[in-house]
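Notes to accompany the following structure.
Protein chains: 2
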Amino acid sequence: MAKAQFNRDEVVENAIRLFWQHGYSASSMQQVVKATGLQPGSIYLAFKNKEGLFREALDAYSDHSKKRIKDALEGPDGILKGICNVLESMIEQSTQAGYNSCFLIKTQLELAAEGNTLHELASAKLDEIEALFRSYLEKECEAELAQQRAACIMLHIFGMRVYGYKPDSAQRMRDSLRLALPWLPWE
Amino acid sequence: MAKAQFNRDEVVENAIRLFWQHGYSASSMQQVVKATGLQPGSIYLAFKNKEGLFREALDAYSDHSKKRIKDALEGPDGILKGICNVLESMIEQSTQAGYNSCFLIKTQLELAAEGNTLHELASAKLDEIEALFRSYLEKECEAELAQQRAACIMLHIFGMRVYGYKPDSAQRMRDSLRLALPWLPWE
DNA sequence: GATTTTCTTGAATGGGCATTCAAGTATATT
DNA sequence: AATATACTTGAATGCCCATTCAAGAAAATC
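Protein sequences appear in the order of chains A and B. Under the working numbering, think of the first position of the first sequence as 23, with each following residue one higher. Under the working numbering, think of the first position of the second sequence as 23, with each following residue one higher.
And the structure:
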């Protein structure tokens, strides 16, 4: 084989950072070359094209998100308190410099033109996250209630991912969550 | 003067439709030429450049939105029921073919890179809408509570503008709103 | 009716875009 | 050592981008 191969995971992580910040259209392949350290030919051999790399970045981001949620809900605090922890960590993220919302949500809104496969991929990934919440909630309550509560959580996550751009919004989001999701153990 | 001038409002409306659907980066000036019927020279004389036209489109969209909210809250049903009507009409929008979220929210997410003036413009417009809700709510309750409730409404609007892409989400959003905003007269 | 002003026209410009590919290089195989 | 395989290199390609501007045409002014 040729000179030591590049680290695929590392490249995808760098692509996530770039695409997450600037979006699909505003990220040029020249920026991708800079961000990943790869040459055009290597990128196109490994990922086929810009869309292929973007798709893989979206996949990896979604996997990370799902893992973080699973870890929280399976943690020592239990499922319901775990949900509180997930929501609170999203609020904290929004207070940090360079806050960038959620890669999946940004993609869904940017590429919403009908039939766009990247839009549909992002939607599917968000659905998977909702299903994750639902499956855990079904251990705590009946199926129909679990489904409604999972939808309500997603609705609030989406809201926070946009409202988080507003300065000093953290406390107001905390208050809203406590009122809107009284069935969670906020204490 | 020269041959009959173009209708500025009409041009801006067409620009709104294009930018709202495809976003800033993915809308080319050639598409703008097609959508508005103007020639490049006329566009650049009237709006300076792509950003100038986009800014004016954002302004006009924001004005429409604020007017629709004002009309609803000053309507015969009263302020609180008027808020219910606004939220319900957003749910109905999301069920229609070609649903496109909200132009202000899409812009805020797409152009979130630090210091982007269009991102800041969109944020300011969304703030104005929150202030609108707050000013009306202050007629119904004390100032601090009005502020918290206005924030909560915005959080839910943002959430619905994203969750609305999910098929068959309307009923679930209705249920979530009734649980999360029990101080509104849903009846 | 001549001149100035105001707006429109649309081809031209240069730059940046996604993508390609012939050539190069290091490892594996024989 | 020779050959084949696997990967990297980076300049080159053609297309599309935002923007410009000289030329033209209609109204306003004189």
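Ideal placement from N, C-alpha and C gives every residue a C-beta, glycine not left out.
At a cut-off of 8 Å between C-beta atoms, His44 of chain B counts as an interface residue with respect to chain A. Within chain B, no C-beta atom comes less than 9 Å from the C-beta of Lys92 of chain A; the nearest is roughly 22 Å away.
Scanning chain A for C-beta atoms nearer than 9 Å to the C-beta of Asp197 of chain B yields Gln170, Ala173, Cys174, reported in chain order. Scanning A:Val184, A:Ala168, A:Asp81, A:Gly181 for the CA closest to the CA of Ala146 of chain A turns up A:Asp81. In this structure, Ile91 of chain A sits away from Met182 of chain A, with a CB-CB distance that is not shorter than 8 Å. Excluding sequence positions up to five before and after Ser64 of chain B, its CB lies within less than 8 Å of the CB of Phe28, all in the same chain and listed in chain order. Residue nearest to Ala79 of chain A within the set A:Asp93, A:Gly97, A:Glu160, A:Thr58 is A:Thr58 (criterion: CA-CA distance).
Contact of Lys72 of chain A with chain B is not assigned, every C-beta pair being separated by 8 Å or more. Met51 of chain B places its beta carbon 8 Å or farther from that of Tyr185 of chain A. Per DSSP, Trp205 of chain B lies in no alpha helix (DSSP H) segment and is marked neither H nor E.
Per DSSP, Pro62 of chain B is one residue of the alpha helix (DSSP H) stretching across 62-69. Residues of chain B with a Cβ closer than 7 Å to the Cβ of Ser123 of chain A are, in chain order, Leu131, Ala134.
Here the C-alpha atom of Pro204 of chain B lies approximately 21 Å from the C-alpha atom of Glu166 of chain A. In the three-state DSSP reduction, Phe28 of chain A falls in the coil class, being neither helix nor strand.
Remark: C-beta atoms of Leu40 of chain A and Val55 of chain A do not approach each other more closely than 8 Å.
Per the C-alpha coordinates, the member of A:Leu199, A:Gln118, A:Ala202, A:Ile179 positioned closest to Ser87 of chain A is A:Ile179.
Contact between Leu126 of chain A and Tyr83 of chain A holds, since their C-beta atoms are separated by about 7 Å, short of 8 Å. In terms of Cβ geometry, Lys128 of chain B and Gly45 of chain B form a close pair [threshold 8 Å].
Under the three-state reduction of DSSP, Lys92 of chain B is assigned to helix. When 7 Å is used as the limit between beta carbons, Phe180 of chain B is near these residues of chain A: Phe180, Gly181, Val184, Tyr185, in chain order. Taken through DSSP and simplified to helix, strand or coil, Cys174 of chain A comes out as helix.
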